[in-house]
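Trainee: Encoded as structure tokens, here's the structure I'll be asking about.
In this note's numbering, the protein residues as written are 23 to 221.
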């Protein structure tokens, strides 16, 4: 049977069951049709998984859309479909945002990274990419107030003393107030690179 035939059969068996609620053959046929439809939906989910792993995100989403329409009242199956659909959407947003970030389209990249973050709110790597996109959105130089400027040079003293982590902590605190200050961004990037090399 095709998927549409399973759903039609289930509807017909339910109607027949209303007329003959104690009919064992109708109950058996109804349960069999539900099992077969459930198996078909699981096959669709597996096909979608394969498409996802091959990077065919649009195909995977289309297959999941079909599975969602056919999904019986199996809550576990619906959760599997929704989880996989969210993973696919996340991957689409993330991959496209990385490309946009690389070519310098920071506004669109930021928008897609934020969409991906809605699907995976605890992803720290995404938050770093969001910060990078925000930094790239503005090339203007923000001027620091005298107190912040003093803090910046305290960080510079730490950096020159080889305490890159302390310098980075000072500069990251300043970054919250001055996310587009070029001098600060360059200092943070340099300190991060030095820390990586030291590890």
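Backbone N, C-alpha and C define an ideal beta-carbon position, used for all residues, glycine too.
1. With a CB to CB cut of under 8 Å and the five nearest residues on each side skipped, what residues in its chain are close to residue 64?
2. Output yes or no for whether 8 Å exceeds the beta carbon distance between residue 136 and residue 121.
3. Of all the options 178, 114 and 180, which has the alpha carbon lying nearest to the alpha carbon of residue 73?
4. Measure the C-alpha to C-alpha separation of residue 134 and residue 146 and round it to an integer number of angstroms.
5. The alpha helix (DSSP H) spanning residue 187 covers which residue range?
6. If contacts are defined as beta-carbon pairs under 8 Å, then residue 66 and residue 88 qualify, I think. What distance do you get, rounded to the angstrom?
7. In the DSSP assignment, find the alpha helix (DSSP H) that holds residue 179 and state where it starts and stops.
8. Candidates 154, 86 and 177: which alpha carbon is nearest residue 108's?
9. In this structure, how does DSSP classify residue 162 when only helix, strand and coil are distinguished?
10. From residue 118 to residue 42, what does the alpha carbon distance come to, in whole angstroms?
11. Can residue 142 and residue 186 be called in contact, C-beta distance under 8 Å?
12. How big is the Cα-Cα spacing for residue 127 and residue 173?
13. Using DSSP with H/G/I as helix, E/B as strand and the rest coil, what is residue 127?
14. Go through its chain and collect everything with a Cβ distance to residue 45's Cβ below 8 Å, but skip five positions before and after it.
15. Name the two residues that bound the continuous alpha helix (DSSP H) containing residue 42.
16. Could you pull the start and end residues of the alpha helix (DSSP H) that residue 142 belongs to?
17. For residue 159 versus residue 200, is the C-beta distance shorter than 8 Å?
18. Can you give me the Cβ contacts of residue 23 inside the same chain, cut-off strictly under 6 Å, excluding the 5 residues immediately before and after it?
Mentor: Concretely, from the data shown:
1. 99
2. no
3. 114
4. 15 Å
5. 186-199
6. 6 Å
7. 168-182
8. 86
9. Note that residue 162 has pLDDT 47, beneath the 50 cutoff, so the model's placement of it is unreliable and the number below is only indicative. Coil at residue 162, not helix or strand.
10. 56 Å
11. no
12. 32 Å
13. coil
14. 38 and 39
15. Premise fails: residue 42 is in no alpha helix (DSSP H) and is neither H nor E.
16. Premise fails: residue 142 is in no alpha helix (DSSP H) and is neither H nor E.
17. no
18. Bear in mind that a pLDDT of 49 at residue 23, under 50, signals an unreliable position, so the number given afterwards is only what the model happens to contain. Taken in chain order, the list of residues that qualify is empty.
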